[in-house]
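K.L.:
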Amino acid sequence: LDQQIRVTSSDEVGELARAFNRMAAKLKEMVTLITNERDKMAAILSNMGDGIFAVDGNSKVTMVNQAALRILQLAENEAVGRTFVEAVRDYELDGVLQRCLATREQQMRTVETSPRKQFLGVIATPLKDEAGCLLLIQDLTELRRLETVRRDFVANVSHELRTPTASIKALAETLKEGAIDDPSLAKDFLGKINAEIDKLTQMVQELGELSRIESGEAP
Numbered sequence: 007l008d009q010q011i012r013v014t015s016s017d018e019v020g021e022l023a024r025a026f027n028r029m030a031a032k033l034k035e036m037v038t039l040i041t042n043e044r045d046k047m048a049a050i051l052s053n054m055g056d057g058i059f060a061v062d063g064n065s066k067v068t069m070v071n072q073a074a075l076r077i078l079q080l081a082e083n084e085a086v087g088r089t090f091v092e093a094v095r096d097y098e099l100d101g102v103l104q105r106c107l108a109t110r111e112q113q114m115r116t117v118e119t120s121p122r123k124q125f126l127g128v129i130a131t132p133l134k135d136e137a138g139c140l141l142l143i144q145d146l147t148e149l150r151r152l153e154t155v156r157r158d159f160v161a162n163v164s165h166e167l168r169t170p171t172a173s174i175k176a177l178a179e180t181l182k183e184g185a186i187d188d189p190s191l192a193k194d195f196l197g198k199i200n201a202e203i204d205k206l207t208q209m210v211q212e213l214g215e216l217s218r219i220e221s222g223e224a225p
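Structure, rendered in structure tokens:
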């Protein structure tokens, strides 16, 4: 496309030569544009954190990015050219693809793989002008672990709060039912209530400190 025809006449042959030169320049411009777009797309696919598989109508993998290989611990030669189920060796993942191919509708599911115990979010989207599908795979394992930790933390805090509040309520009810008339008993109960309130105050302060640590306001 860098070649130029030397125009030496102004007749039909010269006009044809000029037309070839214009056509070559236009083709070069289009090829450059397509190449730049392809390189840009390749850079996006190789640097994104989510896994991408392109699969044809026969379930064969035609393209896979580095994130997908990393998430599923595959080599590129173990994926491209093989059927999706042969590559990933997981029938639940393949089931999402097969439903997408059969219905030509987007499919979404969370899958737990074995034996690695990964939690993967899978989105299979049919390609508009082709028979295949595009699969996006997200590794949700760490997110699931953090959700479990947070859920356990909330349960533990709830338990720790329930114990002193229940104690305070029991002491207050005992005082209300007549123990307040016994000065020594009332003093003892009020001391216990005060101690439980101190526990609750300390817990609230510690939760506030934890919140400041998580937000970066405290070391």
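The opening position of the sequence shown corresponds to residue 7 in our numbering, with each subsequent residue numbered one higher.
By construction, the Cβ of each residue, glycine as well, lies at the ideal position given by its N, Cα and C atoms.
#1: Are E202 and I219 closer than 8 Å when you measure CB to CB?
#2: Excluding the 5 residues flanking A60 on each side, which residues of the same chain have their C-beta closer than 6 Å to its C-beta?
#3: Determine the direct distance from the alpha carbon of G197 to that of T171, and round the result to whole angstroms.
#4: In whole angstroms, what is the alpha-carbon distance linking H165 and R157?
#5: Looking only at its own chain, which residues have a Cβ that is under 8 Å from the Cβ of E84, when we skip the five neighbours before and after it?
#6: Name the two residues that bound the continuous beta strand (DSSP E) containing L142.
#7: Would D145 and L126 qualify as a contact pair, given that the criterion is a beta-carbon distance under 8 Å?
#8: Give the straight-line distance between the Cα atoms of R110 and N64, rounded to the nearest whole angstrom.
#9: Tell me the residue span of the alpha helix (DSSP H) that contains Q113.
#10: Considering M69, what are the terminal residues of the beta strand (DSSP E) in which it resides?
#11: So the alpha helix (DSSP H) P189 belongs to, where does it begin and stop?
#12: Quick one: Cα of T119 to Cα of D96, how far?
P.N.:
According to the structure shown:
#1: Within the sequence shown, residue 202 is the residue found at index 196, counting from 1. Within the sequence shown, residue 219 is the residue found at index 213, counting from 1. Their beta carbons are not under 8 Å apart, which means E202 does not touch I219 by this criterion.
#2: Here residue 60 refers to the residue found at position 54 when the sequence shown is read from its first residue. Closer than 6 Å at the Cβ level, and outside the excluded window around A60, lie T68, M69, L140.
#3: For the purposes of this step, residue 171 is taken as residue 165 along the sequence shown, with counting starting at 1. For the purposes of this step, residue 197 is taken as residue 191 along the sequence shown, with counting starting at 1. For T171 and G197, the distance between alpha carbons rounds to 15 Å.
#4: What you label residue 165 is simply residue 159 of the sequence shown in a count that begins at 1. What you label residue 157 is simply residue 151 of the sequence shown in a count that begins at 1. So the alpha carbons of these two residues sit roughly 12 Å apart.
#5: Numbered from its first residue, the sequence shown carries residue 84 at position 78. The beta carbon of E84 lies closer than 8 Å to those of A93 in the same chain, with the five residues before and after it left out.
#6: Translated into the one-based positions of the sequence shown, residue 142 becomes position 136. First-last of the beta strand (DSSP E) with L142: 139-145.
#7: Taking the first residue of the sequence shown as position 1, residue 145 is located at position 139. Taking the first residue of the sequence shown as position 1, residue 126 is located at position 120. The answer is yes: Cβ separation under 8 Å.
#8: In the sequence shown, residue 110 corresponds to position 104, counting from 1. In the sequence shown, residue 64 corresponds to position 58, counting from 1. N64 has its alpha-carbon roughly 14 Å from the corresponding atom of R110.
#9: In the sequence shown, counting from the first residue as 1, residue 113 sits at position 107. Premise fails: Q113 lies in the beta strand (DSSP E), 113-118, not in any alpha helix (DSSP H).
#10: Translated into the one-based positions of the sequence shown, residue 69 becomes position 63. It spans 67-70 - the beta strand (DSSP E) in which M69 sits, taken as one unbroken run.
#11: On the sequence shown, position 183 is the one that residue 189 refers to. First-last of the alpha helix (DSSP H) with P189: 189-220.
#12: Counted from its first residue, the sequence shown places residue 119 at position 113. Counted from its first residue, the sequence shown places residue 96 at position 90. Answer to the nearest angstrom: the Cα atoms are 7 Å apart.
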